[in-house]
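Visitor: Residue numbers (my numbering): 72 to 147. Using N, Cα and C, we set each Cβ at its ideal position, and we do this for glycine too. Given the structure is predicted, the values throughout are model-derived calculations rather than measurements.
#1: Determine the contact status of residue 109 and residue 96, defining contact as a CB-CB distance below 7 angstroms.
#2: The alpha helix (DSSP H) spanning residue 95 covers which residue range?
#3: Taking C-alpha atoms, which residue in 101, 80 and 82 lies nearest to residue 125?
#4: State buried or exposed for residue 111, treating a residue as buried only when at least 16 other CB atoms are found within 10 Å of its CB.
#5: Under 7 angstroms between the Cβ atoms of residue 142 and residue 77?
#6: With distances taken from CA atoms, which of 136, 146, 120 and 145 is nearest residue 106?
#7: Between which residues of its own chain and residue 94 is the CB-CB distance below 6 angstroms, once the five residues before and five after are set aside?
Have a look at this one:
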């Protein structure tokens, strides 16, 4: 059985909102120990209702993002 890896800062994720609409993002840490996801195409942070989605931990960030789209971990 393959063990799941928790994504870390610098890892790439694919976020899918609908079958044909997706974003490739990179996880990043802000100066004040908050984490967010940056869209690699636009270089902008992922937003929800016009607010940047930032959280105190990566699991919390993934939980917030997962409320709005499917998350796929992109392995090397």
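Guide: Looking at the atomic coordinates:
#1: Yes, the Cβ-Cβ distance between residue 109 and residue 96 is below 7 angstroms.
#2: No alpha helix (DSSP H) holds residue 95; the beta strand (DSSP E) holding it covers 92 to 100.
#3: The candidate whose alpha carbon is nearest that of residue 125 is 101.
#4: Per the 10 Å Cβ criterion, exposed.
#5: In this structure, residue 77 does not lie closer than 7 angstroms to residue 142 by Cβ.
#6: Relative to the Cα of residue 106, the nearest Cα in the group 136, 146, 120 and 145 belongs to 136.
#7: The beta carbon of residue 94 lies closer than 6 angstroms to those of 86 and 110 in the same chain, with the five residues before and after it left out.
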